[in-house]
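Chemist:
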């Protein structure tokens, strides 16, 4: 014989004591332990991902700097081929007709495109490019070493 609910009808419904803790819309609520476990798992994932993101961002900055450096060096060679000398500064690459470059690209580490004199590893290291118009040498004006142990100024 079926148990009867509170109204006395034997319609096969579950008793309140069988249903556990009901939330506002009739579902079981999460226990504190379940919530804490989810937070622990999320915390572990964040602790793994955040340091990796730093490495990925640094790799992107290094790759950007090296690609911009390749573009500058290629543009300097084009300028020399057309003018039989290197330009006196990097901005001359944007003023030729037609321009060799639309704009001097920034170095990717600090994101600056200023130009200072030539001596990359003893320059101020505050960003931009070091350039020697006599030899067409260009290098990032960034102090320090990258995540691979290479000096920025020796790219």
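In our numbering, the protein residues as written are 2 to 156.
Note that the Cβ used here is the ideal one computed from N, Cα and C, for glycine as well.
1. Within the chosen definition, does the segment 73-86 reach the segment 38-52 through at least 3 CB pairs nearer than 8 Å?
2. Beta-carbon within less than 8 Å of residue 1's beta-carbon, same chain only, minus the 5 sequence neighbours each way: which residues are those?
3. Given a threshold of 16 other Cβ atoms within 10 Å of its Cβ, counted over all protein chains shown, does residue 32 qualify as buried or as exposed?
4. Reducing DSSP to helix, strand and coil, say where residue 133 ends up.
5. Who are the near neighbours of residue 163 in its chain, counting only those whose CB is closer than 8 Å to its CB and skipping five residues on each side?
Modeler: In short, the structure shows the following:
1. no
2. Shown here, the chain extends from 2 to 156; a query on residue 1 therefore has no answer.
3. exposed
4. Here DSSP, grouped into helix, strand and coil, assigns residue 133 to strand.
5. Because the chain is modelled from 2 through 156, residue 163 falls outside the range shown and cannot be assessed.
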